[in-house]
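Each residue of the sequence shown is one higher than the one before, counting from 229 in the numbering used here. Glycine included, each C-beta is placed from N, C-alpha and C at the ideal position. Treat the numbers as computed from the prediction; the structure is a model and nothing was measured. So the structure is just underneath, and the comments pick up after that.
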Amino acid sequence: MVADERLNRRKDERESSSRYDRHDREYRHRQRHEQDERDVRRKHRRERSRSPRRKHSYDDETLRRRDAEKEFAQKNDYFQSRFAGGNDSLGGTSRHGTLEGMDFGMYGKRMSKEHMHEEPKDTPGRFRRATQPDRPSGATDVQEQYVKAERVEYKIGDNGSRWRMMKLQRVFDMAKDNHRPVEDVALERYGSLKDFDDALEEREELDYRKATGKIRKDELTGEKHRSRLEQDKNNKSTVLEPVSYSSSKPTRDEINKLKAEVLRAQARGSSNYEALKQQYDAMHKNFDDSLNDASSSHLKSFTSKNDPSIEEMVQEEKLLNKLDKHGLSKDYAKRITRDSRYSNDLDYLDENANRLADRMSRREINLEQIFQGGNLSKMNRALDSCPLCMNANSQPLAPVITLSHRAYLTLPTKPGLAKYHCLIVPMNHRVNALSCDEDEWDEIRNFMKCIALMFDSMGMGVIFYENAPAPHRYHHTAIECVPVPRRTLSLAPAYFREAILTSDDEWSQHRKIIDTMEGVEKYGKYAFRKMMVKELGYFHVWFTVDGGYGHVVENEKLWGQHDQVPRQVFASMLNLPTEFIRRRGKWTGVKDPAEDAFRARFHPFDWTRSLLE
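If you want it as structure tokens, here you go:
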């Protein structure tokens, strides 16, 4: 009996197990079937999205205009991309050649973060020779050369259309502000009226597209310039008569008007261009002679190079007003309590101002600090012991590779982060690069561009950084230039972002990372100077000549000294030993064996050679 029950129980278990297996197989089969159906529907949706949009079978002006506007916006949405830029070519300079014909204002290309390590591609030629149209009867040789001019190979509304329209609008703005004819300003900006007429023709087509949503033409026809030539040929004023002025001593306005007529005569190919040119030269000489005439009634003012500029006088006036506002007695009391050597007010101020005048420019002498006397001792110690200051009385202990009027190139202390590691240093004692004036910053940027060219010829990239976390310590600033492999350059933003986020206080008053790469779209090459603040301690790294990452240092102790954070990042990227993290060496004034090798490598790219020619 027990055996029968056991057999029945086993039989029931086998039946239930088989039913469960059957249900499980059916469930899996349904799941696979539904998944196949979903895949088929998804495939149909992808094919439908990739297929060209079907045109409307009915004629609707509103829908056609909307479709045309969408198509036009898709063609021009490159303007909204963060990497859209102008022509950053080097103006005829080869990548591995010298700096002949180099335009420093055009270098500094915005680099895509994903493709920083890629080799630059050779851009095709911009110009092609067009067929020569029939020469109109009576046209001059100058008019013929405009007709023969090479046509620019671009299409209306392409990637560079925005910049051409900005340049055209700038011509009209300058003519309106200076009360000058538009043609005169166009000749100065474009070099010829043909390029100006091409820009006008392109703007008319873009305005037509914006208003109607239709496209009349994709390329320039030169119709506007031909109509100008025909109008000049039929206009009797094409042959300009020499202008006579009754005044024996010409004024500046008369000279400017005559110069405009000379330019118009040259552009139109007038036959009396030479006569107008001679008249202009004679009038200009007469004007110069009248300036040197002692009996002239014009007052002449000469400015000494030692006189303060308007900006400097405004700064001094603000500081003096601030002192007057808060009262002098309080400042007198502070000064007396802090300085045991105080003897006389005027002598004290004169002595401290003269001690700083030889080493720091006038605009850097903070009158409020001198008046209070709180930071004078620290400032004087920093100036006396600075190894980077260069002036008429002292030379820097650091080796000078090459120098310009306001900055120079030197080598770092040991240990260097890489071979050909170098520094760009302003000659005047600056606590950070933001305190440099425009002329100093332009020369620093020129050095950055030349160094980038040098490392590019070696098949490497370069990272620039400035570490100025404590401006109150009055340390002489310098911009470090570290060569890295191209692939490492593309990974550098991620390394520095992580280091900046973890190296300072978790909670801060300022943004952790100030992305000056994004600011390049708005401010151009001035992104760094517009987005960072010189009064605060900061760190900034450049991945291109124009922008990178900035960080406001709020806790100097957590940030560390001796470039600890950036050197640690480079040690991680370049697999350097731990002894490279801390800077230990000092400049001693002894010649470094690496000077000659670096000077020979940098010589073909040295922009300061043009200053000696």
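Range of the contiguous beta strand (DSSP E) that encloses residue i
i: W735; result: Taken as a continuous stretch (DSSP letters only), W735 belongs to no beta strand (DSSP E), as it is neither H nor E.
i: L631; result: 628-631
i: F833; result: It is not in any beta strand (DSSP E) - F833 carries neither H nor E in the DSSP assignment.
i: L651; result: 650-654
i: A696; result: 689-696
i: T641; result: Premise fails: T641 is in no beta strand (DSSP E) and is neither H nor E.
Distance CB(residue i)-CB(residue j) smaller than 9 Å
i: F798; j: A696; result: no
i: F833; j: C709; result: no
i: C650; j: F771; result: no
i: V793; j: A727; result: yes
i: R398; j: D425; result: no
i: F692; j: V773; result: yes
i: K814; j: Y702; result: no
i: A488; j: P409; result: yes
i: G765; j: T744; result: no
i: L839; j: S632; result: yes
i: A720; j: V712; result: yes
i: E694; j: A646; result: no
i: Y777; j: R725; result: yes
i: L639; j: D820; result: yes
i: H704; j: L637; result: no
i: W787; j: D732; result: yes
i: V780; j: A698; result: no
i: R444; j: R437; result: yes
i: M688; j: R714; result: yes
i: D412; j: L491; result: yes
i: F756; j: P643; result: no
i: T730; j: L802; result: no
i: E671; j: A635; result: yes
Residue i, enclosing alpha helix (DSSP H) - first and last residue
i: C678; result: 666-685
Integer Cβ distance of residue i from residue j, believed to fall under 8 Å
i: A680; j: V690; result: 5 Å
i: I741; j: M760; result: Wrong, their Cβ atoms sit about 12 Å apart, outside the cutoff.
i: K758; j: S663; result: No, K758 and S663 are not in contact; Cβ-Cβ is about 15 Å, not under 8 Å.
i: L486; j: Y501; result: The Cβ separation is near 13 Å, so there is no contact.
i: E429; j: E451; result: 7 Å
i: P627; j: E823; result: 5 Å
i: L421; j: I384; result: That belief does not hold up - the Cβ atoms of L421 and I384 are roughly 19 Å apart, past 8 Å.
i: K395; j: R431; result: That belief does not hold up - the Cβ atoms of K395 and R431 are roughly 11 Å apart, past 8 Å.
i: I629; j: F830; result: 7 Å
i: T816; j: L611; result: Not confirmed; about 19 Å, so no contact.
i: N656; j: W835; result: At roughly 20 Å, the Cβ-Cβ gap does not stay under 8 Å, so N656 and W835 are not in contact.
i: R392; j: A427; result: 6 Å
Beta-ladder partner(s) of residue i, from DSSP
i: Y702; result: Per DSSP, none; premise fails for Y702.
i: A635; result: P654
Residue i CB to nearest heavy atom of the ligand NAP below 8 Å
i: R238; result: Among the components modelled here there is no ligand, and therefore nothing to report on the ligand NAP.
Next on the checklist: Report the start-end ranges of each beta strand (DSSP E) in the segment 706-781 that is 3 residues or longer and not cut off at the edges.
Outcome noted: Uninterrupted beta strand (DSSP E) stretches at least 3 residues long and entirely within the segment 706-781 occur at 707-712, 766-770, 776-780, given in chain order.
Item to check | alpha helix (DSSP H) runs wholly inside the segment 395-452, at least 4 long, in chain order | outcome: Listed in chain order, they are 410-418, 421-440.
Checklist entry - Along the chain, which unbroken stretches of the alpha helix (DSSP H) at least 4 residues long are found entirely within the segment 782-813? => result For the segment 782-813, whole alpha helix (DSSP H) runs of length 4 or above, ordered along the chain, are 784-787, 792-802.
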